[in-house]
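J.:
This is how it looks when you write it as structure tokens:
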């Protein structure tokens with residue numbers, strides 16, 4: 001058991017390293033290209049009368065600009081990653097609070113389980129909506145996503161939902177509308193029972209639904225890519241800077257200029273490519289947030305709140321797809337409120 005655990009950790013580390021190398025493959029191409037240009041400039045400087053060099057004052061100016069742009073780029077990407085994580089944590093907390101409210105205040109067991117499943121399905125639909133981009137299949141900065149990754153995401157999503165962004169978006173609004181109607185109907189029903197005046201504060205339930213709506217809007221904002229003009233400006237500026245290093249260093253360093261240019265370009269563009277990887281944290285590769293783990297944790301914790309018996313908890317968790325697939329009927333009945 002211990003050996004198996006160690007082996008899994010080693011395999012995970014290898015996978016992460018391999019994924020990191022794939023992420024910076026563009027930076028490696030830039031570095032090789034710049035090294036070739038640097039070798040040509042150095043060769044001309046060392047063997048001919050062609051001296052393509054100038055003073056290093058240009059480095060100070062451009063490096064200041066590049067450092068500001070890269071710093072802003074990486075900070076923004078990391079903030080988007082953290083914001084996506086915090087929004088999912090907020091969704092989890094809100095769902096658990098709503099589940100506790102339903103457990104305490106709703107007496108009908110069938111209705112209790114029905115609306116608990118709606119909350120769970122809301123979480124799964126949010127996850128699928130974030131993974132789906134059926135309109136153009138393009139990632140950040142207009143670069144096409146890996147076709148195999150798109151196919152894998154589609155296969156995962158179609159287990160429960162439909163691989164269609166518009167359908168999932170409509171379904172999210174239907175679920176939220178259904179929860180609001182449920183709140184209204186429950187409050188109205190209890191107020192009409194004169195012998196049993198309502199003691200339930202339904203404002204808490206409304207606040208929870210409002211929080212879920214706000215989180216959805218926040219996740220959509222994080223899911224939008226950085227403006228193409230900004231990323232292009234950064235790449236062009238960094239390219240000019242890395243290309244100019246050869247002209248400024250060759251007089252002093254000669255052939256040592258080539259490896260310095262190679263590693264400088266690799267580091268600079270490597271940082272930019274890694275920022276691209278984490279700026280949109282919703283996906284299925286190793287650098288993205290594990291949305292399936294978020295959904296699984298919310299599912300198990302919610303069922304733990306709603307169920308007393310440990311055996312029942314395991315039954316609920318093991319029948320996730322069976323409990324949720326019934327919601328697919330919304331596709332054929334989108335104009336109705338019933339879920």
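Residue numbers (full-length UniProt numbering): 1 to 339.
Glycine included, C-beta positions come from ideal geometry on N, C-alpha and C.
1) Can you give me the C-alpha to C-alpha distance between residue 353 and residue 239, rounded to a whole angstrom?
2) Thinking C-alpha only, which one of 205, 180 and 217 is nearest residue 169?
3) Pick helix, strand or coil for residue 231, following the three-state DSSP scheme.
4) According to DSSP, is residue 64 part of a helix, a strand, or is it coil?
5) Please classify residue 6 as buried or exposed, where buried requires at least 16 neighbouring CB atoms within 10 angstroms.
6) Can you check whether the CB of residue 98 is closer than 9 Å to the CB of residue 208?
7) In this structure, does DSSP put residue 282 in helix, strand or coil?
8) Between residue 227 and residue 81, which are expected to be in contact by the criterion C-beta below 8 Å, what is the C-beta distance as a whole number of angstroms?
9) Roughly how many angstroms separate the alpha carbons of residue 187 and residue 180, rounded to a whole number?
10) Residue 247 and residue 35: beta carbons closer than 9 Å?
11) Can you give the Cα-Cα distance for residue 258 and residue 236, rounded to whole angstroms?
12) Within 10 angstroms of its Cβ, does residue 189 collect 16 or more other Cβ (buried), or is it exposed?
13) Are the beta-carbon atoms of residue 279 and residue 76 separated by less than 9 Å?
14) Quick check: the Cα distance between residue 24 and residue 122, rounded to an integer number of angstroms?
15) Span of the alpha helix (DSSP H) holding residue 201?
16) Could you check where the alpha helix (DSSP H) with residue 294 kicks off and where it finishes?
17) Between residue 79 and residue 43, what straight-line distance do the alpha-carbon atoms span, to the nearest angstrom?
18) To the nearest angstrom, how far is the alpha carbon of residue 47 from that of residue 254?
19) Quick check on the burial criterion: 16 or more other C-beta atoms within 10 angstroms. Buried or exposed for residue 277?
20) State the Cα-Cα distance for the pair residue 215 and residue 89, rounded to the nearest angstrom.
21) Give the range of the alpha helix (DSSP H) segment to which residue 111 is assigned.
22) What's the gap between the Cα of residue 176 and the Cα of residue 115?
23) Can you grab the Cα-Cα spacing for the pair residue 234 / residue 285, in whole Å?
24) Pick helix, strand or coil for residue 52, following the three-state DSSP scheme.
25) Could you check how far apart the C-beta atoms of residue 260 and residue 249 are, in whole angstroms? I think they sit under 8 Å.
26) At 4 residues or longer, what runs of the alpha helix (DSSP H) sit wholly inside the segment 162-186?
27) State the DSSP-derived secondary structure class of residue 288, mapped to helix, strand or coil.
28) Taking the alpha helix (DSSP H) that residue 26 belongs to, which residues open and close that run?
T.: Looking at the atomic coordinates:
1) Residue 353 falls outside the range modelled here, since the chain spans only 1 to 339, and no answer is possible.
2) 217
3) helix
4) helix
5) exposed
6) yes
7) coil
8) About 18 Å separates the two Cβ atoms, so there is no contact after all.
9) 11 Å
10) no
11) 20 Å
12) exposed
13) yes
14) 36 Å
15) No alpha helix (DSSP H) contains residue 201, which DSSP labels as neither H nor E.
16) 291-306
17) 44 Å
18) 11 Å
19) buried
20) 10 Å
21) 109-131
22) 11 Å
23) 25 Å
24) coil
25) 6 Å
26) none
27) coil
28) 25-47
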